[in-house]
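Residue numbers (this note's numbering): 1 to 267.
Beta carbons: idealized from backbone N, C-alpha and C, even for Gly.
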Ligand code: ASP
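Here's what the structure looks like:
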């Protein structure tokens, strides 16, 4: 039983809660200490891997020298080792060490003990399939809700949304579920492309694909253009990167949102 005492001192009511009686599990569940960067891409045109984010990442990961990297998305089919090396080269520029989760015999423990996590891009189906296979979805969600700093780029950003159904990737493997981490209250479409009115390409525009998504699903979708990213601090979700983002809400005309806007209104 939770004891709550209210006493009044000079007309100011003071509330005492006997903290010994609150189950710490509940304190954790409601602490909402999320600290995340959810980026459209790892690499800007003409730039080096993660370069445009490094200043932010120095701050984001300031409490750790070591980042746990999840290379499961395997861009271009590269091996976990090669992908981890590439990421290590980028993080070395801000004096961080990188450990690939595939090097651990107990990936769940690796996540529990990590002081910073990066999930890289590649194929979202491959990534999600592997996360389910290793039973890591709830482990990642747990530690991120409790404050472990998280970085996601492209596929690693898709998984922060409610589902992976707005990825641009081909379904080259079949994950047990399309549900993802649900750490933000919408879906992400990374590498968002505006329709090119001069193009002779006849395939669907991104906007049409998202319109199709909304025939069967109701959650909002944020189209993140290259160079845009979301900073999540607790319940605050801020657009960064000097560009607008395109928001697609069910049964509404798509609209633009300015840089530095707060997306908590979609909560
Ligand atoms: N293939 C993308 C990536 O770079 C993800 C996507 O476009 O949905 O991870």
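Less than 6 Å separating the Cβ of residue i from some heavy atom of the ligand ASP?
| i | result |
| --- | --- |
| residue 122 | yes |
| residue 40 | no |
| residue 205 | no |
| residue 228 | no |
| residue 155 | yes |
| residue 158 | yes |
| residue 187 | no |
| residue 169 | yes |
| residue 191 | yes |
Which term fits residue i, buried or exposed, when burial requires 16 or more other beta carbons within 10 angstroms of its beta carbon?
| i | result |
| --- | --- |
| residue 208 | exposed |
| residue 216 | exposed |
| residue 35 | buried |
| residue 47 | exposed |
| residue 265 | exposed |
| residue 45 | exposed |
| residue 157 | buried |
| residue 9 | With a pLDDT of 48 at residue 9, under the threshold of 50, the modelled position of that residue is not reliable, and no figure is offered here. |
| residue 171 | exposed |
Can you check whether the CB of residue j is closer than 7 Å to the CB of residue i?
| i | j | result |
| --- | --- | --- |
| residue 282 | residue 210 | The requested residue 282 does not occur in the structure, where the chain is confined to residues 1 to 267. |
| residue 126 | residue 74 | yes |
| residue 124 | residue 88 | no |
| residue 50 | residue 42 | yes |
| residue 160 | residue 181 | yes |
| residue 57 | residue 110 | no |
| residue 39 | residue 229 | yes |
| residue 121 | residue 153 | yes |
| residue 71 | residue 132 | no |
| residue 259 | residue 239 | yes |
| residue 192 | residue 218 | no |
Compare the Cα-Cα distances from residue i to each of the options and report the closest residue.
| i | options | result |
| --- | --- | --- |
| residue 33 | 183, 76 and 199 | 183 |
| residue 143 | 129, 167, 153 and 115 | 115 |
| residue 247 | 81, 256 and 239 | 256 |
| residue 94 | 71, 132, 63 and 70 | 63 |
| residue 149 | 262, 86, 59 and 253 | 59 |
| residue 101 | 92, 90, 66 and 77 | 66 |
| residue 61 | 178, 179, 92 and 206 | 92 |
| residue 163 | 128, 179, 223 and 107 | 179 |
| residue 227 | 241, 119, 235 and 233 | 241 |
Open item on the list: Quick check for students: name the residue ranges of the beta strand (DSSP E) that lie wholly in the stretch 124–163, counting only runs of 3 or more.
Closed with: DSSP assignment within the stretch 124–163 yields the following whole beta strand (DSSP E) runs of 3 residues or more, N-terminal first: 150–153.
Task: Uninterrupted alpha helix (DSSP H) stretches inside the stretch 54–110 (no shorter than 4 residues) - done: Qualifying alpha helix (DSSP H) stretches, in chain order: 54–60 and 80–92.
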